[in-house]
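Asker: I'd like to ask you about the structure that follows.
Protein chains: 2
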Amino acid sequence: MISTVTTRKSQATLYDVSRLSGVSTATVSRVFSGKTRVSEEIRKRVLDAAHELSYEVSHAARALAGRRTQTLGAIFPEISSGFYADVLAGIDEIAAESGFDVLASFVGKRRSRPELVNRLLRQGRADALLVLNLDDTADLEPQTVASLPIILIDREISGTNLPVVGMDNVGGAEAMIEHLFEQGHRRIALMTGPAGNYDSEQRLLGCRQAFTRLGLSMEDSLVWTGGFTMASGTRMAKEVLDSRSPLPDAIFCFNDAMAIGMVNEFHRAGLSVPGDVAMAGYDNVDAAAHLSLTSVACPMRLMGQVAARWAVELVTRDQKPVGHRLQVRLVVRMSSAGREHKNSAPILH
Amino acid sequence: MISTVTTRKSQATLYDVSRLSGVSTATVSRVFSGKTRVSEEIRKRVLDAAHELSYEVSHAARALAGRRTQTLGAIFPEISSGFYADVLAGIDEIAAESGFDVLASFVGKRRSRPELVNRLLRQGRADALLVLNLDDTADLEPQTVASLPIILIDREISGTNLPVVGMDNVGGAEAMIEHLFEQGHRRIALMTGPAGNYDSEQRLLGCRQAFTRLGLSMEDSLVWTGGFTMASGTRMAKEVLDSRSPLPDAIFCFNDAMAIGMVNEFHRAGLSVPGDVAMAGYDNVDAAAHLSLTSVACPMRLMGQVAARWAVELVTRDQKPVGHRLQVRLVVRMSSAGREHKNSAPILH
DNA sequence: GGGGAAAATGTAAGCGGTTACACATACGCC
DNA sequence: GGCGTATGTGTAACCGCTTACATTTTCCCC
């Protein structure tokens, strides 16, 4: 009774393949979904027929019938700057391995985070969501997202126990302070990120703990607030130099951009790093390596990978993961360790 | 005869809404798809019912029935580094405006470009594709992709006339050479990208044209090959210094990273920029601004926007766009114009 | 008031898969 | 040889929406 013209121009369907191979559509479906065993003989017949018709499964039909999109949604913050490019790459890598696709969306004027969650999850465009770095906690309401298939990256949503893949900011900062201490520095200045920034606060906490443990006092005058930008580093360096107060032994900037901005300004003023002041950053961006800036390496790509892996688990095995805090790695370079390596000339002059 | 229990736990469907509002499913569909007029009264009844049931359209069902996914696929090169993050942001912005989603995929070991094209287009995950920067021309076969809904970004595929959104690399390089010439520089060295790189070759072409027009000769000794990395800039600077041959008047690096690497090395050697040698880069990355490096601004985000706009046109109006080459902008800063601005101290020392 | 065009709705046949259930073989063992 | 179980395949009812076509309603104008 079905009058489908099998010679139609467009695309072959399961039905076409089933006709050509002489089996039922159910069997063809089984061959392609691979969820049920099919005898080797029939599998081959089906695959041959499919190949001849150059058949491709229809994603839409499969999603509708199977209630599964094989898609992960990733929601990025508005100001994504490329800092998150590695996270996305990590997500995509794991998604690809697992046969998933990644729907990437940026929060913006047009799309708020709650709208995106609704669109991606309730309208069935994605099976699970990876949500990055939400600064405004009021953004997503805990009660509405708590039970959704969401993995958070880098930030938790208080009021929910959604799994979080984060980095050990506290530990990273602690390690840095310890390193600077070991290098003989006692008056250590900190340059934080914007007030209220989660990463910044975590790092500050790490510093506090390290200071306490090492018996150092954290003078308020040596905690400066920055904006995570190169410009703010430059500005602060100018201020410090203008104030004509004695330089600290070392300055730990909470990201590399600020550290680089400071270093530049110090150079311009004729100061040497680490000769006159040791410097350290955070994030370990490419430039840090080339400027020999001591830093803390953040596993951005790994974060994406881990989060994606969990999302896949969540979808395919309904296995709810718990949170996980990834290790960071202290990368010691000339800008903080110059004194220890008198043999090799400091690269920053 | 349909016995669907409307009180089922999961999700309301069109049918549920039609029951509650007392109209046919067709009408409800019309209200949500907006393609046909519906009387104001009924529209309101339907929307109220939908709201009460907290109905959301099913993307999969809509895609299957309507043969349209409202999704754009974006294929990024393997080594995407974050350079393309802005392109993606631009794509997403326009997609969001037009009600599309963006499926972002990276070429990798698991997924070759042809496989991705097949998966995204033939399996119906996306309505159109944006393909970035394919270096290996043998990657996508002209005859198989020529007729597909694909917009290329930054590179053409010879053998097809697929529309390309590119940047005026030639013009950018020309402008830079002219600028350096105007600054009084005559012996201008070039540091290109890797051999065979499209951007690099385009820029070199621009330089050639400018040299010819200005009556300068392009000595081979002043064309160096780099790797687009900071390290290669540093390395080349060392070589140049070691060779003890006279420095050129100016060095135009085909990207900022190499320029920054060179500048660093020159500084280390005690040279001044632009005092001893003028420097210029390309791309106008953030760091260039803070290092006062003259550069050429590339409209990455705009490229994404334009490409996405075309893709949407292609899908919604079946309107095939032609290629377009976006303007770039010369950004003159201290590193090349120091001599003209004796009043303000050169920022690079 | 009647006839016809235009506008608004309804009917129902898909879109192309998945999967519960029924059924047919094949196999193992006493 | 008979029976229970495991395995492989077919049947057909969906999944939730779009849309061609039929039908009804509304609106004009003579």
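First to last, the sequence lines map onto chains U and C. The numbering of the first sequence is my numbering, which starts it at 781 and goes up by one. The numbering of the second sequence is my numbering, which starts it at 781 and goes up by one. Using N, Cα and C, we set each Cβ at its ideal position, and we do this for glycine too.
1. Return the residues of the region 1013-1029 of chain U that lie within a Cβ-Cβ distance of less than 7 Å from chain C, sorted by chain order.
2. Give the straight-line distance between the Cα atoms of U/D979 and U/S1075, rounded to the nearest whole angstrom.
3. Within its chain, find whatever has a CB closer than 7 Å to the CB of C/V1065; leave out the 5 residues flanking it on each side and keep chain order.
4. Taking C/E1093 as the query, report the chain U residues whose CB atoms sit under 9 Å from its CB, ordered along the chain.
5. Alpha carbon to alpha carbon, how far is C/E858 from U/M947?
6. What three-state label does DSSP hand C/C1033 in the structure shown?
7. Are the C-beta atoms of U/T992 and some chain C residue less than 8 Å apart?
8. Please return the same chain residues whose Cβ sits closer than 8 Å to the Cβ of C/L883, not counting the five positions on each side in sequence.
9. So C/T1014 and U/H1070 are in contact, right, with Cβ under 8 Å, and what is the actual spacing, rounded?
10. At which residues does the alpha helix (DSSP H) containing U/G995 begin and terminate?
11. Going along the region 939-952 of chain C in order, which residues come within less than 8 Å of chain U, judged by CB to CB distance?
12. State yes or no: is the C-beta of C/I957 within less than 8 Å of the C-beta of C/C987?
13. CB-CB under 7 Å to C/R810, same chain, minus the five flanking residues each way: which ones, in chain order?
14. Within a Cβ cutoff of 6 Å, which residues of the same chain sit near U/Y795, ignoring the five residues on either side of it in sequence?
15. What is the DSSP secondary structure of C/V882, reduced to helix, strand or coil?
16. If you check the beta carbons only, do C/Q903 and U/H839 fall under 8 Å apart?
17. Per DSSP, U/V944 is paired with what?
18. When burial is assigned at 16 or more other CB atoms within 10 Å of the CB, is U/P922 buried or exposed?
19. Spatial neighbours of U/M998 within its chain, please: C-beta separation below 6 Å, excluding the five flanking residues on both sides.
20. Could you confirm whether any beta carbon from chain C is found closer than 8 Å to the beta carbon of U/F886?
21. What ranges does the beta strand (DSSP E) occupy inside the region 1059-1128 of chain U, keeping only unbroken runs of at least 3 residues that lie completely in it?
22. Three-state secondary structure (DSSP) at U/I859?
23. Do the region 1046-1061 of chain C and the region 1013-1027 of chain C make contact, defined as three or more Cβ pairs closer than 8 Å?
24. Indicate the three-state DSSP secondary structure (helix, strand or coil) for C/G853 in the structure shown.
25. Looking at C/G870: is its Cβ nearer than 8 Å to the Cβ of C/A1091?
26. Taking Cβ to Cβ, would you say C/E1045 is nearer than 8 Å to C/A1017?
27. Inspect the CB distances between the region 935-955 of chain U and the region 1098-1111 of chain U and report whether three or more fall short of 8 Å.
28. Please tell me whether U/G888 and C/A865 are closer than 8 Å, where the distance is taken between their beta carbons.
29. Residues in its own chain within less than 7 Å of C/R1113 by CB, not counting five upstream and five downstream?
30. Which of the three DSSP states, helix, strand or coil, is assigned to C/I937?
31. Could you check whether the Cβ of U/A1060 sits closer than 7 Å to any heavy atom belonging to the ligand COA?
32. Quick one: Cα of C/R825 to Cα of C/V808, how far?
33. Express the C-alpha separation of C/S1001 and C/S965 in angstroms, rounding to a whole number.
34. Exposed or buried, what is C/G1084 when buried is set at 16 or more other beta-carbons lying within 10 Å of its beta-carbon?
35. Just curious, the alpha helix (DSSP H) that U/L896 is in, first and last residue?
Answerer: Per the coordinate set shown:
1. Listed in sequence order: T1014.
2. The count along the first sequence starts at 1 and reaches residue 979 of chain U at position 199. The count along the first sequence starts at 1 and reaches residue 1075 of chain U at position 295. Answer to the nearest angstrom: the Cα atoms are 15 Å apart.
3. The residue you call residue 1065 of chain C lines up with position 285 of the second sequence. The residues are D1036.
4. On the second sequence, position 313 is the one that residue 1093 of chain C refers to. Taking a Cβ-Cβ cut-off of 9 Å, C/E1093 has no neighbours in chain U, whose nearest Cβ is about 18 Å from it.
5. Residue 858 of chain C sits at position 78 when you count from the first residue of the second sequence. Residue 947 of chain U sits at position 167 when you count from the first residue of the first sequence. Taking the straight line joining both Cα atoms gives about 25 Å.
6. As a first step, residue 1033 of chain C must be located in the second sequence, where it is residue number 253. In the three-state reduction of the DSSP assignment, C/C1033 falls in the strand class.
7. Looking up residue 992 of chain U in the first sequence gives position 212. It does not: the Cβ of U/T992 has no partner Cβ on chain C nearer than 8 Å.
8. Position 103 of the second sequence, counting from 1, holds the residue named residue 883 of chain C. Here the set comprises T851, L852, G853, A854, L900, R905 and A906.
9. Locating residue 1014 of chain C in the second sequence gives position 234, where the first residue counts as 1. Locating residue 1070 of chain U in the first sequence gives position 290, where the first residue counts as 1. Right, the Cβ-Cβ distance comes to about 7 Å (below 8 Å), so this counts as a contact.
10. On the first sequence, position 215 is the one that residue 995 of chain U refers to. Per DSSP, U/G995 belongs to no alpha helix (DSSP H) and is neither H nor E.
11. For the region 939-952 of chain C, which is checked against every Cβ of chain U, not one residue is closer than 8 Å.
12. On the second sequence, position 177 is the one that residue 957 of chain C refers to. On the second sequence, position 207 is the one that residue 987 of chain C refers to. Their beta carbons are under 8 Å apart, which means C/I957 touches C/C987 by this criterion.
13. Locating residue 810 of chain C in the second sequence gives position 30, where the first residue counts as 1. Non-local beta-carbon contacts of C/R810 in its own chain, meaning distances under 7 Å to residues more than five positions away in sequence, involve T816 and V818 in chain order.
14. Indexing the first sequence from 1 puts residue 795 of chain U at position 15. Excluding positions up to five away in sequence, the list reads T805.
15. For the purposes of this step, residue 882 of chain C is identified with residue 102 of the second sequence, where counting begins at 1. Secondary structure at C/V882: strand, using DSSP grouped into helix, strand and coil.
16. One-based indexing of the second sequence puts residue 903 of chain C at position 123. One-based indexing of the first sequence puts residue 839 of chain U at position 59. Yes, these two residues count as a Cβ contact at 8 Å.
17. The sequence position of residue 944 of chain U within the first sequence is 164, counting from 1. For U/V944, the beta-bridge partners assigned by DSSP are U/L932.
18. Residue numbering aside, residue 922 of chain U sits at position 142 when the first sequence is read from its first letter. For U/P922, the number of other beta carbons within 10 angstroms of its own is below 16, and it is reported as exposed.
19. Translated into positions along the first sequence, residue 998 of chain U becomes position 218. These residues qualify, in order along the chain: F991.
20. Along the first sequence, one-based indexing puts residue 886 of chain U at 106. For U/F886, the answer is yes, since a Cβ of chain C falls inside 8 Å of its Cβ.
21. Segments of the beta strand (DSSP E) lying fully in the region 1059-1128 of chain U: 1075-1077, 1104-1106 and 1109-1111.
22. In the first sequence, counting from the first residue as 1, residue 859 of chain U sits at position 79. Looking at U/I859 - three-state DSSP - the assignment turns out to be coil, as it is neither helix nor strand.
23. The answer is yes - the region 1013-1027 of chain C touches the region 1046-1061 of chain C, with three or more Cβ pairs under 8 Å.
24. Position 73 of the second sequence holds residue 853 of chain C. C/G853: strand per DSSP, three-state reduction.
25. Here the question's residue 870 of chain C lines up with position 90 in the second sequence. Here the question's residue 1091 of chain C lines up with position 311 in the second sequence. By the CB criterion at 8 Å, C/G870 and C/A1091 fall outside the cutoff.
26. On the second sequence, position 265 is the one that residue 1045 of chain C refers to. On the second sequence, position 237 is the one that residue 1017 of chain C refers to. Cβ distance < 8 Å, so C/E1045 and C/A1017 count as in contact.
27. Taking 8 Å as the limit for Cβ pairs, the verdict is that the region 1098-1111 of chain U does touch the region 935-955 of chain U.
28. On the first sequence, position 108 is the one that residue 888 of chain U refers to. On the second sequence, position 85 is the one that residue 865 of chain C refers to. Not closer than 8 Å, so no.
29. The count along the second sequence starts at 1 and reaches residue 1113 of chain C at position 333. So the qualifying residues of the chain are S1072, L1073 and T1074.
30. For the purposes of this step, residue 937 of chain C is identified with residue 157 of the second sequence, where counting begins at 1. Reduced to three states, the DSSP call for C/I937 is coil.
31. You won't find the ligand COA in this model; it holds no ligand whatsoever.
32. The sequence position of residue 825 of chain C within the second sequence is 45, counting from 1. The sequence position of residue 808 of chain C within the second sequence is 28, counting from 1. Their Cα atoms are separated by approximately 10 Å.
33. Looking up residue 965 of chain C in the second sequence gives position 185. Looking up residue 1001 of chain C in the second sequence gives position 221. The amino acid at residue 965 of chain C is misidentified as Ser; the sequence shows His. Computed Cα separation, rounded: 16 Å.
34. Position 304 of the second sequence holds residue 1084 of chain C. Under this definition C/G1084 is a buried residue.
35. The count along the first sequence starts at 1 and reaches residue 896 of chain U at position 116. Under the DSSP assignment, U/L896 falls in the alpha helix (DSSP H) whose first and last residues are R893 to V897.
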